[in-house]
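Peer 1: Structure below; questions to follow.
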Amino acid sequence: MSQKKVDAYKAEKANREKIMKKEKRVLRLEKLIALAFCIVAVVWIGFSVYSKVNEGKEEVVVNTEMDTSALDDYLSGIATDAADAE
Numbered sequence: 044m045s046q047k048k049v050d051a052y053k054a055e056k057a058n059r060e061k062i063m064k065k066e067k068r069v070l071r072l073e074k075l076i077a078l079a080f081c082i083v084a085v086v087w088i089g090f091s092v093y094s095k096v097n098e099g100k101e102e103v104v105v106n107t108e109m110d111t112s113a114l115d116d117y118l119s120g121i122a123t124d125a126a127d128a129e
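Residue numbering for the sequence shown is 44 to 129, as defined by our numbering.
Below is the structure:
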């Protein structure tokens with residue numbers, strides 16, 4: 044081996060730890076970006092399908108009326124009984 048190759052190998056060996064950390068960091072970043080892209084794509088597709096399915100449906104509003112006069116009479120009777128007991 045020539046002296047130039049030996050010096051290059053020693054320099055690479057000295058910085059090998061930094062180089063490996065940088066490569067790992069870049070790989071993690073690439074995986075994170077790919078995961079974020081996949082999540083966005085799935086949510087977008089899901090929302091599109093949901094909006095297409097619900098596009099033709101009409102919302103039905105149901106109003107419910109309740110007569111509470113019997114309950115009001117009962118509660119007022121309890122209040123008057125409590126007042127008479129004192």
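By construction, the Cβ of each residue, glycine as well, lies at the ideal position given by its N, Cα and C atoms.
Could you have a look at D110 and say whether DSSP puts it in helix, strand or coil?
Peer 2: The answer is coil: DSSP assigns D110 none of H, G, I, E or B.
Peer 1: Please state the DSSP three-state secondary structure of G187.
Peer 2: Summary: the structure shown does not reach residue 187, with the chain confined to residues 44 through 129, and so no result is reported for it.
Peer 1: By how many angstroms is the C-alpha of D116 removed from the C-alpha of V105?
Peer 2: Near 28 Å, if we compare the C-alpha coordinates of D116 and V105.
Peer 1: Between N58 and Y52, what straight-line distance do the alpha-carbon atoms span, to the nearest angstrom?
Peer 2: Approximately 10 Å between the Cα atoms of the pair.
Peer 1: Please state whether DSSP places G99 in a helix, a strand or coil.
Peer 2: Reduced to three states, the DSSP call for G99 is coil.
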